[in-house]
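**Q** Residue numbers (this note's numbering): 15 to 144.
Dropping a structure here in structure tokens format, bear with me for questions.
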């Protein structure tokens, strides 16, 4: 299976737009490394780069590719950070709720664990484990 297809198929559907756009990067490489249609594949039709001399076209492509890769990385990084923050907030909220429920049902503080409170604890546990 091709990597781009595998990435697409293994992605969480609602998070897929935040993946790296592998096909866009692949297209950029292909566009800049494939001779135009109708041109010969022989070396005589292609300019020869002299070793040790700068290849301006290659340098421009490398800069373009690095910018695109950097932009995609920044987008993915922002998404991952926002999801991590979301999970931290949710866990903190669940921890506070759990501590309040436990404190209200703590036998040492005179509280009694009612069936309703046990049910709420079970629901909270289910949410945390998801």
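Beta carbons: idealized from backbone N, C-alpha and C, even for Gly.
Suppose you measure from the CA of residue 31 to the CA of residue 22; what does that come to, to the nearest Å?
**A** Looking at the two C-alpha atoms, the distance is approximately 10 Å.
**Q** By how many angstroms is the C-alpha of residue 98 removed from the C-alpha of residue 33?
**A** Roughly 15 Å separates the two Cα atoms.
**Q** To the nearest angstrom, how far is the alpha carbon of residue 42 from that of residue 105?
**A** The alpha-carbon atoms of residue 42 and residue 105 are separated by roughly 41 Å.
**Q** Residue 107 lies in the alpha helix (DSSP H); which residues open and close that run?
**A** Looking at the DSSP string, the run of the alpha helix (DSSP H) that includes residue 107 is 70-118.
**Q** Quick one, which of 46, 95, 84 and 65 has its alpha-carbon nearest residue 74's?
**A** Nearest C-alpha to residue 74: 46.
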